[in-house]
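Input: a single structure, listed below in structure tokens.
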Amino acid sequence: MQNDKIAELLERIRNHNPLVHSMTNVVVTNFTANGLLALGASPVMAYAKQEVADMARIAGAVVLNIGTLNETEVEAMLLAGQAANSAGVPLLFDPVGAGATPYRTNTARKIVRDTRVSILRGNAAEVANVVGQEWAIKGVDAGEGDGDIVDLAKKAAVALKTVVVITGETDIISDGKVTYAVKNGNALLTKVTGTGCLVTAVIGAFAAVESNLLIASIAALVSYGIAAETAARLKGAEGPGSFQIEFLNQLARLDGKQIRELGLFERI
Amino acid sequence: MQNDKIAELLERIRNHNPLVHSMTNVVVTNFTANGLLALGASPVMAYAKQEVADMARIAGAVVLNIGTLNETEVEAMLLAGQAANSAGVPLLFDPVGAGATPYRTNTARKIVRDTRVSILRGNAAEVANVVGQEWAIKGVDAGEGDGDIVDLAKKAAVALKTVVVITGETDIISDGKVTYAVKNGNALLTKVTGTGCLVTAVIGAFAAVESNLLIASIAALVSYGIAAETAARLKGAEGPGSFQIEFLNQLARLDGKQIRELGLFERI
Amino acid sequence: MQNDKIAELLERIRNHNPLVHSMTNVVVTNFTANGLLALGASPVMAYAKQEVADMARIAGAVVLNIGTLNETEVEAMLLAGQAANSAGVPLLFDPVGAGATPYRTNTARKIVRDTRVSILRGNAAEVANVVGQEWAIKGVDAGEGDGDIVDLAKKAAVALKTVVVITGETDIISDGKVTYAVKNGNALLTKVTGTGCLVTAVIGAFAAVESNLLIASIAALVSYGIAAETAARLKGAEGPGSFQIEFLNQLARLDGKQIRELGLFERI
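Put into structure tokens, the structure is as follows:
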């Protein structure tokens, strides 16, 4: 795994504009769609039980995000997830706020039980709660807490038979056997709502063009992190509003040269 | 039809701040409201079946957009559309993603059957699917495809007894007898989510102050296109984030002088 | 009450990052979350009846906003409001568009009847309609109208046994006995959607760290107003897009020095 590979996958996204079907929360829909467009992917959002399976089958990746879940949407998420599974479409799951309320925790566990999630992406507390480990959480945004995040990622990957991505100051990616750490990123991402949700969708875009989901995840996190670093360098001092807009610019402007110079990840 | 007329209609919007009732998708609500406010119109969004008819009756225009449709909202859209019809309020319809799934296609056809749509706005694939012509589509964003767009616009206008607006590199507006092409606009609009949805709402704002809906549509597309051109010239090189924000600025700053100098449309 | 107190409360928000549970409308979710994050609070949005009470109990403040209300959400809002009441969590209510349709007016009155609202924030027309006074309204945004706003605030506070905040060119805050006017703010706020909704959430953030709700409200309005003034001074001339982004920057950059120099309020 080299930065060259990441640059190649980014080119593939820009050449093929993979359709990423996101069933995400009402807070981040616009930012998610604009982030995917900036990167070069094609966002689509569809929530009705009458159409989610049809949309999932024609997508390059399906993303389920329970940030503002309700009964009707969860039912549709299961249909979309199962349709993605049947069609061999990568299924990503972002268990926003798992652990914050029993309903979220239980729903997250139902989703990993009733569908085959290809990639689970959350913060440490969310991932811990999905697999039934204790972890402190406040609302839906916190979740660093204590504990060994690398160990958690590995165990969760084994338990769920999936690739697990735990984002934080360092991002950990594991399929249970092989584990990587990605160092790219910037703390300003935590001052903009939906940057966690968007990264899951961006991993989806990479998973749509690369069947090795460990590689797809690393490539997405490195790309995303470099765009954030560049945006922070150019506009971070102005504040989170300017950073958010520049981050969209940088997702669009990211190129192979930047990736080769700045990509920072290692097998651990 | 002259650019002077367009400038005059823009002034009317700014003097009267027409209320545009948008029942739109969850991805573009914020951008639609901010775009309408920037232009000088008053956005309102209401979705509950208990109030949509009341809101539609006091609006200057009603916009239905099925981008993230569900059963409950479609039911409310029909109520709003019928109330708009009864009250003589222009009814706009944006059949987002018609053709992408059977549910979308069928719902779009139900809306044009059970209400009297005043203006239908979509890309070529969406319009084709509403009227039952074959057209390639991917997700909800593509839809240039092949085929004679001018012919499609005319036929759809005749079939639906409505003004049809097909947006793309060149925008085509037809009532079935008279057809116009608008050349204003910029490709960066395709890199920002919701620019198609917003243009439908902007046509609604013009339709609220001009009863000739062909003229209202042309005026809206020229105004919108010039704002996009100016934004692209000033900030396009920075990326889609900066362009999006500058586009809102330019919707607010657009004036008669720009329209007279830059408006580019012709009868075809 | 001095500007020093406001500066101290802002510091408290930044040190404690209070969780503000917003059940708000689909137009403003993203802007509300980003505004709260910029200020230093932790936003959470949850709408499902299965979890709103759990979320409300762990929140520092709960905000109900009926901008795009529907039956299901109103039911959940009542559950969240009652849970906040039982747990002693401040409950804020933003009756968006009360008076625009009977459904909104009736729902707003139901909410103040079936929960104990700690702080009601609206424009004059909305507040008047909640308490049953006549007031002109157009859609959900207007509502200056005529009438004595100070008198309305006092009467509404007495009638509802709550703190009432009426925002406008001058903001009026009253608990029925003590009444303040806040002069900070900028007219550009009216050109960005959701600035009224966000200010209610920001009052919630201050209410989470200050039990005197009159003081919390004044502190929030002064802080918000200064951020708007600074943003308008720096970027207002560019247009509402740039202003919106700079406003988020300024919510993050606001400091005690600015508050002490620019805070402008008085008891009336």
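Chains as they are written, first to last, in this note's numbering: chain A, 831 to 1098; chain B, 831 to 1098; chain C, 831 to 1098.
Where is the CB? At the ideal position from N, CA and C, for every residue including glycine.
Close Cβ partners of residue i (< 7 Å) along its chain, the five nearest in sequence each way excluded
i         : result
C/Leu867  : Pro873
B/Met831  : Ile1045, Ile1048
C/Ile1033 : Leu922, Ile949, Arg951, Val995, Ala1046, Ser1047, Ala1050
C/Thr937  : Ile896, Leu899, Val904
A/Thr1107 : Any question about residue 1107 of chain A goes unanswered here, given that chain A covers just 831 to 1098.
A/Thr935  : Ala928, Gly929, Asn959
C/Leu1084 : Leu840, Ser1053, Ile1056, Ala1057
B/Gly1006 : Lys984, Ala987, Val988
A/Val861  : Residue identity check: residue 861 of chain A is Phe in the sequence provided, not Val. Correct list, in chain order: Gly1024, Leu1028.
A/Asp976  : A caution first: A/Asp976 carries a pLDDT of 48, below 50, which makes its placement in the model unreliable, though a value can still be read off. Here the set comprises nothing.
B/Glu838  : none
6 Å CB neighbourhood of residue i in its chain, flanking five on each side removed
i         : result
C/Met907  : Met853, Leu894
C/Gly1066 : Leu1018, Phe1073
B/Lys968  : Note that B/Lys968 has pLDDT 48, beneath the 50 cutoff, so the model's placement of it is unreliable and the number below is only indicative. Here the set comprises nothing.
B/Asn851  : The question names Asn, yet the displayed sequence has His at residue 851 of chain B. Cβ within range, chain order: Val874, Met885, Ala886, Ala889, Val892.
B/Ala1038 : Pro848, Gly890, Ala891
A/Leu1094 : Lys1013, Asn1014
B/Gln963  : none
A/Leu1064 : Glu1076
According to DSSP, residues forming a beta bridge with residue i
i         : result
B/Arg951  : B/Val995
C/Glu1096 : C/Ala1011
B/Leu849  : B/Ser872
Residues near residue i by beta carbon distance below 8 Å, same chain, minus five either side
i        : result
C/Asn847 : Gly870, Ala871, Ser872
A/Ala883 : Leu909, Ala910, Gln912, Ala913
Rounded Cβ spacing between residue i and residue j (contact assumed at less than 8 Å)
i         : j         : result
C/Ser1053 : C/Ile836  : 6 Å
B/Ala1096 : C/Thr931  : First, the amino acid is wrong: residue 1096 of chain B is Glu here, not Ala. No, B/Glu1096 and C/Thr931 are not in contact; Cβ-Cβ is about 43 Å, not under 8 Å.
C/Tyr877  : A/Thr898  : 6 Å
A/Asn1014 : A/Ile1056 : 5 Å
C/Leu1018 : C/Ala1062 : 5 Å
B/Ile843  : B/Phe1073 : In fact, because the Cβ distance is near 23 Å, the residues do not count as touching under 8 Å.
A/Leu1028 : A/Val858  : 7 Å
C/Val960  : C/Val942  : 6 Å
C/Asn1042 : A/Pro1070 : No, C/Asn1042 and A/Pro1070 are not in contact; Cβ-Cβ is about 29 Å, not under 8 Å.
C/Val1012 : C/Asp1001 : 4 Å
A/Leu990  : A/Val947  : 6 Å
A/Asn833  : A/Ile1098 : Their Cβ separation, rounded to whole angstroms, is 17 Å, which puts A/Asn833 and A/Ile1098 out of contact at 8 Å.
A/Glu901  : C/Asn1079 : With 8 Å as the limit, A/Glu901 and C/Asn1079 do not qualify as a contact, their Cβ atoms being about 38 Å apart.
B/Ile1075 : A/Ile1075 : 6 Å
B/Asp944  : B/Thr1030 : Their Cβ separation, rounded to whole angstroms, is 19 Å, which puts B/Asp944 and B/Thr1030 out of contact at 8 Å.
C/Leu1092 : C/Glu1040 : Actually they do not touch by this definition, with Cβ atoms about 20 Å apart.
Residue i CB to nearest heavy atom of the ligand COA below 7 Å
i         : result
C/Tyr1010 : Among the ligands in the structure shown, none appear at all, so the ligand COA cannot be discussed.
- Length at least 4, wholly inside the segment 884-930 of chain C: the alpha helix (DSSP H) runs in chain order: Runs of the alpha helix (DSSP H) inside the segment 884-930 of chain C: 901-917.
- Positions along the segment 850-871 of chain B whose CB lies within less than 9 Å of some CB in chain A: Identification of residues in the segment 850-871 of chain B having a C-beta nearer than 9 Å to some C-beta of chain A yields Asn855, Val856, Val857, Val858, Thr859, Asn860, Phe861, given in sequence order.
- When Cβ atoms are compared, which residues of the segment 1070-1091 of chain A fall closer than 8 Å to chain C? Under the 8 Å Cβ criterion, the segment 1070-1091 of chain A contributes Pro1070, Gly1071, Ser1072, Gln1074, Ile1075.
- chain C contacts from the segment 905-925 of chain B (Cβ-Cβ distance under 7 Å): Residues of the segment 905-925 of chain B with a C-beta less than 7 Å from any C-beta of chain C: none at all.
- At a Cβ cut of 7 Å, what residues of the segment 870-903 of chain C count as close to chain A, listed as they run along the chain? Listed by position along the chain: Ser872, Pro873, Val874, Met875, Ala876, Tyr877, Ala878, Gln880, Glu881, Asp884, Met885.
- Message: Closer than 9 Å between beta carbons: that is the criterion. Which residues of the segment 1017-1029 of chain C meet it against chain B?
- Response: Taken in chain order, the members of the segment 1017-1029 of chain C whose beta-carbon sits within less than 9 Å of a beta-carbon on chain B are Thr1020, Lys1021, Val1022, Thr1023, Gly1024.
- Any alpha helix (DSSP H) of 4 or more consecutive residues that is wholly inside the segment 993-1044 of chain C: Those alpha helix (DSSP H) runs which fall completely within the segment 993-1044 of chain C and span 4+ residues are 1025-1037.
- Message: What are the residues in the segment 929-944 of chain B lying within 8 Å of chain A by C-beta distance?
- Response: Answer set for the segment 929-944 of chain B: Ala930, Thr931, Pro932, Tyr933, Arg934.
- Task: Taking a Cβ distance cut-off of 8 Å, strictly less, list which residues of the segment 974-1006 of chain B are near chain A, in chain order.
- Result: Of all residues in the segment 974-1006 of chain B, none comes within less than 8 Å of chain A when Cβ atoms are compared.
- Could you name the residues of the segment 1056-1069 of chain B whose beta carbon sits closer than 8 Å to any beta carbon of chain A, in the order they occur along the chain? Within the segment 1056-1069 of chain B, the residues whose Cβ lies closer than 8 Å to some Cβ of chain A are Glu1068, Gly1069, listed in chain order.
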